[in-house]
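Residues in the sequence shown are numbered from 1 upward in steps of one, following UniProt numbering.
In this text, a Cβ means the ideal position worked out from N, Cα and C, and glycines have one as well.
Remember, it's a predicted structure, so these values are computed and weren't measured experimentally.
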Amino acid sequence: MNRQEMLSQIPELLSFAASPRVVRIPPEMNVPMTDRAARLLDTPPLRRLSQVSQLGLVGLVYPGATHSRMEHSLGVYRNALMFLQRLVTTKRFAEVVDPRGAERFLLASLLHDVGHWPFCHPIEDMRLPGVPRHEQRARRIIGDAEIADRIRNDWQIEPDEVCDLLDGKDLSDENQALSSLLSGPIDVDKMDYLIRDSLHAGVPYGRNFDTGRLIGSLAIHPSRPRLAITDKGRTAAEMMVFSRYIMFSEVYWHPTVRSATAMLQRAIYQLHERLDMDSMCELTDAPWIERLLMASAGTDVQWLTQGLFGPKRRLFKEIGQFSVLDSPQIHASLAGRPYPWLVRCSESFARLASAATGRRVGPTHVLIDAPPQKLEVDINVDVVDEQGVVRTLGDVSPVAAVLARQQFDNFVKRVRIFVCPELRDSITPQQAREILEAAVEQTPDAT
C-alpha cells in the first residue's frame, strides 16, 4: 500500500461518509466521531469550552452570538476532515504528509482552542505582565495527563508533536504544510468561524462564499510546503477574503463592540495586579465575570464592569473615529501603541477635555481604542493554474489585490474615542480631534 492509500485509511476519514456516531452542530452539520475522537472530546479541558463564549463581548451587540468555543472546535475538526478528504486524493500532499502527520493535524484541529479563556483575545492584546497567553496554556493543558494520556494511548502520538504543530515551531516540510491548513489565508479555522459567527450574529456577511468549491480546489503548492488552490477556486477565495473583510467591519470591530472592549480592557488594566490571572484563566464565562465584578467593587472602574455585566447595560459612546483614509497622521500616532501609553493618553485627553468643556472629566471617563500591535494574517493565497503556473490571489484578483497591498486592518481597525454617556453631547467631533492631537503631544513615550 502506498502512502496515498495509507492516508485514505485513517479511521476518521473512513468514518466520514457513514459514521454511526455524530455530533450535530449548526447549521445542520454532522460531525463524525470515531471512538478515540469521542474520548478526547469528553475530557474535562475540552468539555470546559462549552461554557466559554466564542465571541465574548460581541454578544452585547448581537444577542444571538453566544455560541461556544466547543461548537467552533467541532466545526474546525469537521473542516479538517473535509480538507484531508480532498487533499489525500492528490499525489503532492502524499509526498509531503504521512498518515501520522495527518492524524496530528486532526488532533490539532480539535484541540486548537483548548487554551482559550473568557475574553482572552482583547486582554492578551494589552500585553500586560503576568497575563498568560492562550498558546502557552494550550501547550500545558495538552501536556497534562487528562489529554496527554488519550493522545498517547489512542493515537500513539506524543502531545508535544501536536503542540509543535499548533505553535509552528517545527519547520519541517510536513509541519509547514499542515500549519498552513491550520493558520493561513484559507484554513480550517477561518472557514468555520466566518460561517458560524455570521450565522449566530444573524448577519449574512460571513456566509457568502462557496465552501464546497473552495475545498474542492485545495492543493499543495508544487514546490513549497504550503496550501494553495487551483484556479477553479479563485472566485470562492475572493468571496471568502471579502467576507472576512466585511465580518471585521460589521461584527468583530463594530463600534459598539469596540466600546465594550475598551471598557473591559481599562478595567482589567486597573485590576490585573489584584486578580490572580492564572486562576482566572481556568474559569468559564459566568464565574470569570462574577470574580471580575467582585474585584472591581468599590474601585473607580466598578462602573465600567457594571456597565458591561451588571443588570443594566451602560456602554460608553463614541465621539470620534479616525481611519487611515481620513486621518492618517492620527491613526499612525496611536495604532500599535503599548496599552499603558494609551491609558496615559486617555488621561491627558480627560484633563484637556475638562478644561475645554468646563465639566469634570475623570480619568476613567475617556477611553481610547486603537488597533493592537498584532496584525491579521496574510490574505494572499497561491493560485495554481492548469499549466502549473503559480500566482498569488492578489495577482489574479482585483478584489484581493486591493486588500493585499495594505493590511486590511488599516481600513477596518480604526482609532476611536469613547466617553461615558453623560459626556457624549459635551464634546463635538472637531473638539475631539483637536483634544486628541494635543493629548498625543503631551503623552511621553516612557512608562
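Spatially closest choice to R424 from R314, M277, R92 and D98, by CA coordinates: Within the sequence shown, numbered from 1, the residue matching residue 424 stands at position 424. Ranking R314, M277, R92 and D98 by Cα distance to R424 puts R314 first.
Classification of L111 by the beta-carbon crowding that lies within 10 angstroms, buried from 16 upward: One-based indexing of the sequence shown puts residue 111 at position 111. Taking all protein chains in view, the Cβ of L111 is crowded by 16 or more other Cβ atoms within 10 Å, so the residue is classified as buried.
Nearest neighbour of A219, chosen from V162, R127 and T90 [CA to CA]: Start at 1 with the first residue of the sequence shown, and residue 219 comes out as number 219. Cα-wise, what sits closest to A219 is T90.
Local Cβ density within 10 Å of Q387, reported as buried at 16 or more and exposed below that: Taking the sequence shown and counting its residues from 1, one reaches residue 387 at position 387. So Q387 counts as exposed.
Sequence-distant residues of its chain with Cβ nearer than 6 Å to F305 (five each side left out): As a first step, residue 305 is located in the sequence shown; it is residue number 305 there, counting from the start. Here residue 305 is Thr; the residue named in the question, Phe, does not match the sequence. Beyond the five residues adjoining it in sequence on each side, T305 comes within less than 6 Å, by CB distance, of A267, L292, L293 and S296 in the same chain, given in chain order.
Q265 burial status per 10 Å Cβ neighbour count (16 or more: buried): The count along the sequence shown starts at 1 and reaches residue 265 at position 265. By the 10 Å Cβ count, Q265 comes out buried.
Residue from V76, V97, V96 and P122 with nearest C-alpha to V114: Walking along the sequence shown from the start, residue 114 turns up at place 114. Just measuring C-alpha positions, the residue of V76, V97, V96 and P122 sitting nearest V114 is V76.
Euclidean distance between Cα positions of A438 and L178: Looking up residue 438 in the sequence shown gives position 438. Looking up residue 178 in the sequence shown gives position 178. A438 and L178 have their C-alpha atoms spaced approximately 49 Å apart.
Span of the alpha helix (DSSP H) around P340: As a first step, residue 340 must be located in the sequence shown, where it is residue number 340. Per DSSP, P340 belongs to the alpha helix (DSSP H) from Y339 to T357.
A400 burial status per 10 Å Cβ neighbour count (16 or more: buried): Counting from 1 along the sequence shown, the entry for residue 400 is found at position 400. Within a 10 Å sphere around the beta-carbon of A400 sit 16 or more other beta-carbons, which makes this residue buried.
Other residues of its chain near I151: CB distance less than 6 Å, five sequence neighbours each side excluded: Here the question's residue 151 lines up with position 151 in the sequence shown. Excluding residues within five positions, the ones whose Cβ falls inside 6 Å are I157 and P159.
Residues sharing a beta bridge with M29, DSSP: Within the sequence shown, residue 29 is the residue found at index 29, counting from 1. DSSP output for M29 lists I25 as bridge partner(s).
Through-space distance from N2 to M247, alpha-carbon basis: Here residue 247 corresponds to residue number 247 of the sequence shown, with the count starting at 1. Here residue 2 corresponds to residue number 2 of the sequence shown, with the count starting at 1. Between the C-alpha atoms of M247 and N2 there is a straight-line separation of about 43 Å.
Of the listed residues L352, V412 and H121, nearest to L365 (C-alpha basis): What you label residue 365 is simply residue 365 of the sequence shown in a count that begins at 1. Per the sequence shown, residue 365 should be read as His rather than Leu. Ranking the options by Cα distance to H365, first place goes to L352.
Check whether M6 and P122 have beta carbons under 7 Å apart: In the sequence shown, the residue the question calls residue 6 occupies position 6. In the sequence shown, the residue the question calls residue 122 occupies position 122. Going by C-beta atoms, M6 is not nearer than 7 Å to P122.
Neighbourhood of H272 by C-beta distance below 8 Å, restricted to the same chain and skipping five residues each side: Here the question's residue 272 lines up with position 272 in the sequence shown. Excluding sequence neighbours, H272 sits near L128, G130 and V131.
Beta-carbon spacing of residue 448, A236 below 7 Å: Because the chain here runs from 1 to 447, residue 448 falls outside it and cannot be looked at.
I246: first and last residue of the uninterrupted alpha helix (DSSP H) it sits in: In the sequence shown, residue 246 corresponds to position 246, counting from 1. It spans R234 to M247 - the alpha helix (DSSP H) in which I246 sits, taken as one unbroken run.
Neighbourhood of D285 by C-beta distance below 7 Å, restricted to the same chain and skipping five residues each side: Numbered from 1 along the sequence shown, position 285 holds the residue referred to as residue 285. Same-chain partners within the cutoff: Q51, V52, S53 and P118.
Q321 - partner residues in DSSP beta bridges: In the sequence shown, residue 321 corresponds to position 321, counting from 1. In the DSSP output, where bridge partners are listed per residue, Q321 has R416.
For V390, three-class secondary structure by DSSP: What you label residue 390 is simply residue 390 of the sequence shown in a count that begins at 1. If DSSP states are grouped into helix, strand and coil, V390 belongs with the strands.
Nearest to V202 (by Cα), restricted to the options F242, V58 and R416: Working through the sequence shown from its first residue, we reach residue 202 at position 202. According to the sequence displayed, residue 202 carries Gly and not Val. Closest option to G202, judged by alpha-carbon separation, among F242, V58 and R416: V58.
Distance, I215 Cα to S8 Cα: As a first step, residue 8 is located in the sequence shown; it is residue number 8 there, counting from the start. As a first step, residue 215 is located in the sequence shown; it is residue number 215 there, counting from the start. Computed Cα separation, rounded: 17 Å.
Close-in-space but distant-in-sequence residues of the same chain around D369 (CB under 6 Å, 5 per side omitted): By 1-based counting over the sequence shown, the position of residue 369 is 369. Answer for D369: R258, A262 and R416, listed in chain order.
Counted within 10 angstroms of its Cβ, other Cβ atoms place K413 as buried (16 or more) or exposed: Here residue 413 refers to the residue found at position 413 of the sequence shown. Burial call: buried.
Span of the beta strand (DSSP E), counted from its first residue to its last, around I229: Taking the first residue of the sequence shown as 1, we reach residue 229 at position 229. Taken as a continuous stretch (DSSP letters only), the beta strand (DSSP E) holding I229 covers L227 to T230.
Spatial distance of D125 from A17 (CA atoms): As a working note, residue 125 is residue 125 in the sequence shown. As a working note, residue 17 is residue 17 in the sequence shown. If I take the Cα positions, the gap works out to 41 Å.
Three-state class that DSSP yields for I151 in the structure shown: As a position in the sequence shown, residue 151 is number 151, starting the count at 1. Three-state DSSP puts I151 in a helix.
Where the beta strand (DSSP E) containing A297 begins and where it ends: Position 297 of the sequence shown, counted from the first residue, corresponds to residue 297. No beta strand (DSSP E) holds A297; DSSP gives it neither H nor E.
The region 184-192 contacting the region 29-49, beta-carbon criterion three pairs below 8 Å: Taking 8 Å as the limit for Cβ pairs, the verdict is that the region 29-49 does not touch the region 184-192.
P371 CB to nearest heavy atom of the ligand NAD below 6 Å: Looking at this structure, you won't find the ligand NAD or any other ligand, since it has none at all.
D197 to P204 span [Cα, whole Å]: Here residue 197 refers to the residue found at position 197 of the sequence shown. Here residue 204 refers to the residue found at position 204 of the sequence shown. When rounded, the separation of the alpha-carbon atoms in D197 and P204 is 10 Å.
Euclidean distance between Cα positions of V384 and A108: Walking along the sequence shown from the start, residue 384 turns up at place 384. Walking along the sequence shown from the start, residue 108 turns up at place 108. Our two residues, V384 and A108, have alpha carbons roughly 27 Å apart in a direct line.
Under the three-state DSSP convention, the category V384 falls into: Taking the sequence shown and counting its residues from 1, one reaches residue 384 at position 384. In this structure, V384 counts as strand in the three-state DSSP scheme.
Contact set for V22: own chain, Cβ-Cβ below 8 Å, skip 5 residues either direction: Mapped onto the sequence shown, residue 22 falls at position 22. Taken in chain order, the residues that qualify are N30, V31, P32 and M33.
Inter-residue Cα distance where the pair is K232 and L403: For the purposes of this step, residue 232 is identified with residue 232 of the sequence shown, where counting begins at 1. For the purposes of this step, residue 403 is identified with residue 403 of the sequence shown, where counting begins at 1. Their backbone Cα atoms lie some 21 Å apart in a straight line.
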